[in-house]
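Novice: These protein sequences, in sequence, are chains Z and Y.
Residues in the first sequence are numbered consecutively from 23, following our numbering.
Residues in the second sequence are numbered consecutively from 926, following our numbering.
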Amino acid sequence: MTHLSIKGLTKRFSGQTEAAVADLNLEIESGSLVALLGPSGCGKTTTMKMIAGLLEPTAGDILFDKQSILRIAPERRGAVMVFQNYLLFPYMSIAQNVGYGLKIRKIDRAIIDQRVREILELVRLPGLESRYPKELSGGQQQRVALARALVVEPRLLLLDEPLSNLDAHLRFELRDLIRDIQQKMGITTVFVTHDQEEAVVLADKVALILDGKLRQYDNADAYYKRPADEETARFFGGQNFVAGRSANGVFEAPLGSLSLPQGAHEGSGILTFRPENVRIGAAATGENSLQARLVDKIFMGTQTRLRLSVGDETITAIANPNDVEGYLVDQEVPLALPSSALWVLKN
Amino acid sequence: MSQSQLTATSASDVRARHGFGRVVFYLTIIFMCLMLVLPVIAFFINAFAYRWFYPQFMPNEWSLQAWERLRLIPRSGDRGIEGFISLWTSVPDVVSALGLSLFIGAVVTGISIIIGLPAARALGLYRFRGKRIVEFMVITPTIVPPIAFSLGLNINFIRWDLALEAAGFPLDLSGSIIGVSIVHLVPVMPYVVLTLSGVFANYNPDFESQARSLGAGPVRIFWDVTLPAILPGLFVAALFAFLVSWSQYLLTFLIGQGRVITLPMLLFASAGSGNNAVIAALSLIFIAPAILILLVASRYLSGESSAAGGFGRI
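1) Given 8 Å as the limit, is there contact between the segment 1123 to 1142 of chain Y and the segment 1057 to 1068 of chain Y, that is, 3 or more CB pairs closer than that?
2) Checking contacts by CB at 8 Å: is residue 86 of chain Z closer than that to chain Y?
3) List the DSSP bridge partners of residue 83 of chain Z.
4) Run the CB neighbour count on residue 1070 of chain Y, radius 10 Å, all protein chains shown included, and call it buried at 16 or more, exposed below.
5) Report the option in Y/1186, Y/1208, Y/1185 and Y/992 whose CA atom is closest to the CA atom of residue 1196 of chain Y.
6) Let me check understanding here. Comparing Cα to Cα, which of Y/1099, Y/1041, Y/1049 and Y/1116 lies closest to residue 890 of chain Y?
7) Using a Cβ-Cβ cut-off of 6 Å (strictly less than) and excluding sequence neighbours within five positions of residue 325 of chain Z, which residues of its own chain qualify?
8) I want to see whether chain Y comes within less than 8 Å of residue 117 of chain Z, judged by CB atoms only; does it?
9) Using a C-beta to C-beta distance shorter than 9 Å, which residues of chain Z count as neighbours of residue 1070 of chain Y?
10) DSSP on residue 977 of chain Y, reduced to helix/strand/coil?
11) Name, in chain order, the residues that DSSP records as bridge partners for residue 950 of chain Y.
12) Would you call the segment 171 to 183 of chain Z and the segment 64 to 78 of chain Z in contact, with 3 or more CB pairs under 8 Å?
13) What residues are listed by DSSP as bridge partners for residue 96 of chain Z?
14) Look up residue 129 of chain Z in the DSSP assignment and say whether it is helix, strand or coil.
15) Would you call the segment 1140 to 1150 of chain Y in contact with the segment 1178 to 1194 of chain Y, where contact means no fewer than 3 C-beta pairs closer than 8 Å?
16) I'd like to know if residue 1220 of chain Y contacts chain Z, where contact means its C-beta is closer than 8 Å to some C-beta of that chain.
17) Taking only three categories from DSSP, how would you classify residue 241 of chain Z?
18) I'd like to check one pair, residue 236 of chain Z with residue 366 of chain Z: are the Cβ atoms closer than 8 Å?
19) With a CB to CB cut of under 7 Å and the five nearest residues on each side skipped, what residues in its chain are close to residue 1089 of chain Y?
20) Work out the CA separation of residue 244 of chain Z and residue 1147 of chain Y for me, nearest whole Å.
21) Between residue 1102 of chain Y and residue 1029 of chain Y, how many whole angstroms is the CB-CB distance? I'm expecting something under 8 Å.
22) Among Z/146, Z/289, Z/31 and Z/136, which residue has its Cα nearest to the Cα of residue 91 of chain Z?
23) How many angstroms separate the CA atom of residue 985 of chain Y from the CA atom of residue 977 of chain Y?
24) Alpha carbon to alpha carbon, what distance is there between residue 205 of chain Z and residue 146 of chain Z?
25) Under the rule that 16 or more other beta-carbon atoms within 10 Å means buried, what is residue 54 of chain Z, buried or exposed?
26) Would you kindly work out how many angstroms separate the C-alpha atoms of residue 249 of chain Z and residue 349 of chain Z, rounded to a whole number?
27) How many Å lie between residue 114 of chain Z and residue 1201 of chain Y at the Cα?
28) Taking the C-alpha atoms as reference points, what is the distance between residue 1222 of chain Y and residue 1120 of chain Y?
29) Measuring alpha carbon to alpha carbon, tell me which residue in Y/1099, Y/1220, Y/1076 and Y/1023 is nearest residue 1192 of chain Y.
30) Under 8 Å by Cβ, that's how I've got residue 111 of chain Z and residue 1132 of chain Y pegged, so tell me the actual separation to the nearest angstrom.
31) Quick test of your reading: residue 28 of chain Z and residue 84 of chain Z, contact by CB under 8 Å. State the CB separation rounded to the nearest angstrom.
32) Quick test of the definition: if touching needs 3 or more C-beta pairs under 8 Å, does the segment 222 to 239 of chain Z touch the segment 46 to 66 of chain Z?
33) How far does the beta strand (DSSP E) with residue 182 of chain Z in it extend, from its first residue to its last?
34) If you draw a straight line from the alpha carbon of residue 284 of chain Z to that of residue 353 of chain Z, how long is it in whole angstroms?
35) What does residue 76 of chain Z touch in chain Y if you count any residue whose Cβ is under 8 Å from its own?
36) Taking only beta-carbon positions, decide if residue 170 of chain Z is within less than 8 Å of chain Y.
Here it is, written out as structure tokens:
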């Protein structure tokens, strides 16, 4: 159980003007599972490598339980990284791979064998000890890599895109497995991902990094209800942004006057609401009712995606197919924006 | 998996072609076999022939006179175990030359790998300013004629010897095994560095980071991760290094000043003697290690653990 603090962490690679990571501050609670989320090249893997000690920060500090670890060699930090492409040693058997960290620690052979067996059971790969990496599927290799990291009981577990090389059903399986094991062992875990869904489902808290800067560090649902800025909202699939002014709990915009939830930002701002929170057609009841013209309608199976125009604004909505059955393009459609779904971004 | 330059142009790729390409392929193989095998057969016949003159297709008489002259086989009538022991314990020139060639070859191979490994790693893995210039410098020994640099080097060796002696450290570079070993490094280094940098170009250093993250220190990482990954390539580089050193005549002659008698020195000396049987016998001794090493190496040169191994980039 390790509390991780990152203070003013900065990394500037030589020959580059922009910092790969700029003044990053993060507090990661002991035993929690945190996602570093961002598009590729945003500096999240760089951050992880600095935590693991594989890269030297330009400035800032990293603390495990309030003690700076920058001067501790990577092999003594106890921050074990699992790479995106597993990196199982090809000439070692699965047992040798998993037991490698223990062998380095000069632990008794019999104990190693036993621990390896236990951890392979934990990742649900019992009996594969004598196999070799190339005989295993990608999902199995990923789990062996995970077992190899877990078996040394690290202070901190670092996972680089743990699910990205796997196909859909394996992703779900491994996601649950990581979550279960992390809860069971209580290891503080940081993982890097570019997939917001993966971050939301797996992590206790999500740190969104864009262009080397931390944009928001919050519980997953906050990104949907209270995004920090437009870019953050867009990264999480937000598509509706309406410029206007908010005063006394009412947002004044070309599409009308909309009542806001309590505590909303006052002054000029950008109103945002998620496509799935727009009530439309048969469901368009309650406050903030508007009339819109249907521009485009795409049936996607379990949901229907619509584009609507209200005055000069275009709104994207996702609706239950039953609610919008019968509405045709260019027809008038009623819609409602419940105040609880509205959020005003500072301009 | 490991994709090496060697397997990329392996026989199976060529053989996959049809018609004309196929004919050319087999003709090439046959031609190469003839080029390599025929001389060796000729050596064998010559080495055991006695008075083999022009119109005869095969020698009329066979003998061991060449081997007797080289003092490797006792004269007839004395070919008991004792004869062999007394002859061999007197250390025939051929045996001492063979030993010296092996010794210098081994030393040169070891040193060239120790120097070449870090250089090859830097060239194979990293991009840096002036890399092209360094690469060019590495291959210059294959371009500059040995006579050009070795004469200059010998003058310097003599100068340093005198300076060292004056300073109270008598150490002979010129005319010594040390000097010859150093000068052998000149033609050897390009082969070692180029072979190994090819290995490192195909090597994923993240494996080292992974081991480090799991708790391995630098020394352990080298033994547990780096070495197994580059071992096949290292083996090929060592092979090149040894064979290049093994076949040096001019450099040994110039720097050794006739005092360092390796096998090529004997071979060239006997080439002027006009005794074909002795030349052939010496040649056989000279090529024996090369063939032996190649037979052992063929295991590594083909198949999965191919020369330019590395772990590949997955």
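C-beta: ideal position from N, C-alpha, C; glycine also.
Specialist: Let me lay it out:
1) no
2) As a working mapping, residue 86 of chain Z is identified with position 64 in the first sequence. Not an interface residue.
3) Start at 1 with the first residue of the first sequence, and residue 83 of chain Z comes out as number 61. DSSP lists Z/29 as partners of residue 83 of chain Z.
4) What you label residue 1070 of chain Y is simply residue 145 of the second sequence in a count that begins at 1. When all chains shown are included, residue 1070 of chain Y counts as exposed.
5) If you number the second sequence from 1, residue 1196 of chain Y lands on position 271. Closest by alpha carbon: Y/1208.
6) Summary: the structure shown does not reach residue 890 of chain Y, with chain Y confined to residues 926 through 1239, and so no result is reported for it.
7) The count along the first sequence starts at 1 and reaches residue 325 of chain Z at position 303. Excluding positions up to five away in sequence, the list reads 340.
8) Against the first sequence, residue 117 of chain Z aligns to sequence position 95. Chain Y contact via Cβ: absent.
9) As a first step, residue 1070 of chain Y is located in the second sequence; it is residue number 145 there, counting from the start. Under the 9 Å cutoff, chain Z gives no residues; its nearest Cβ is about 40 Å from residue 1070 of chain Y.
10) Position 52 of the second sequence, counted from the first residue, corresponds to residue 977 of chain Y. The answer is coil: DSSP assigns residue 977 of chain Y none of H, G, I, E or B.
11) Taking the second sequence and counting its residues from 1, one reaches residue 950 of chain Y at position 25. According to DSSP, which records beta bridges pairwise, residue 950 of chain Y is partnered with nothing at all.
12) yes
13) In the first sequence, counting from the first residue as 1, residue 96 of chain Z sits at position 74. For residue 96 of chain Z, which the question treats as bridged, DSSP gives no partner whatsoever.
14) Position 107 of the first sequence, counted from the first residue, corresponds to residue 129 of chain Z. Coil at residue 129 of chain Z, not helix or strand.
15) no
16) Looking up residue 1220 of chain Y in the second sequence gives position 295. With 8 Å as the cut-off, residue 1220 of chain Y does not count as an interface residue toward chain Z.
17) Taking the first sequence and counting its residues from 1, the one referred to as residue 241 of chain Z is at position 219. It is a strand residue.
18) Taking the first sequence and counting its residues from 1, the one referred to as residue 366 of chain Z is at position 344. Taking the first sequence and counting its residues from 1, the one referred to as residue 236 of chain Z is at position 214. Going by C-beta atoms, residue 366 of chain Z is not nearer than 8 Å to residue 236 of chain Z.
19) If you number the second sequence from 1, residue 1089 of chain Y lands on position 164. Closer than 7 Å at Cβ, skipping near neighbours: 1095 and 1096.
20) Residue 1147 of chain Y sits at position 222 when you count from the first residue of the second sequence. Residue 244 of chain Z sits at position 222 when you count from the first residue of the first sequence. Cα to Cα, residue 1147 of chain Y sits roughly 47 Å from residue 244 of chain Z.
21) To locate residue 1102 of chain Y, count along the second sequence from 1; it is residue 177. To locate residue 1029 of chain Y, count along the second sequence from 1; it is residue 104. Yes, residue 1102 of chain Y and residue 1029 of chain Y are in contact; Cβ-Cβ is about 6 Å, under 8 Å.
22) By 1-based counting over the first sequence, the position of residue 91 of chain Z is 69. Ranking Z/146, Z/289, Z/31 and Z/136 by Cα distance to residue 91 of chain Z puts Z/31 first.
23) Locating residue 985 of chain Y in the second sequence gives position 60, counting from the first residue. Locating residue 977 of chain Y in the second sequence gives position 52, counting from the first residue. One C-alpha to the other measures close to 7 Å.
24) One-based indexing of the first sequence puts residue 146 of chain Z at position 124. One-based indexing of the first sequence puts residue 205 of chain Z at position 183. Spanning the two alpha carbons is a distance of roughly 16 Å.
25) By one-based count along the first sequence, residue 54 of chain Z stands at place 32. Result: buried.
26) On the first sequence, residue 249 of chain Z is found 227 positions in, with the first residue counted as 1. On the first sequence, residue 349 of chain Z is found 327 positions in, with the first residue counted as 1. So the alpha carbons of these two residues sit roughly 32 Å apart.
27) Working through the first sequence from its first residue, we reach residue 114 of chain Z at position 92. Working through the second sequence from its first residue, we reach residue 1201 of chain Y at position 276. Looking at the two C-alpha atoms, the distance is approximately 54 Å.
28) Within the second sequence, the letter at position 297 stands for residue 1222 of chain Y. Within the second sequence, the letter at position 195 stands for residue 1120 of chain Y. Going from the Cα of residue 1222 of chain Y to the Cα of residue 1120 of chain Y covers about 15 Å.
29) On the second sequence, residue 1192 of chain Y is found 267 positions in, with the first residue counted as 1. For residue 1192 of chain Y, the nearest C-alpha among the options comes from Y/1023.
30) Stepping through the first sequence from its first residue, residue 111 of chain Z is reached at position 89. Stepping through the second sequence from its first residue, residue 1132 of chain Y is reached at position 207. Indeed, because the Cβ distance is near 7 Å, the residues count as touching under 8 Å.
31) Translated into positions along the first sequence, residue 28 of chain Z becomes position 6. Translated into positions along the first sequence, residue 84 of chain Z becomes position 62. At roughly 6 Å, the Cβ-Cβ gap stays under 8 Å, so residue 28 of chain Z and residue 84 of chain Z are in contact.
32) yes
33) As a working mapping, residue 182 of chain Z is identified with position 160 in the first sequence. Per DSSP, residue 182 of chain Z belongs to the beta strand (DSSP E) from 178 to 182.
34) The residue you call residue 284 of chain Z lines up with position 262 of the first sequence. The residue you call residue 353 of chain Z lines up with position 331 of the first sequence. Using only the alpha carbons, I get a separation of about 34 Å.
35) Within the first sequence, residue 76 of chain Z is the residue found at index 54, counting from 1. What residue 76 of chain Z touches in chain Y: 1134, 1137 and 1138.
36) Taking the first sequence and counting its residues from 1, the one referred to as residue 170 of chain Z is at position 148. Chain Y contact via Cβ: present.
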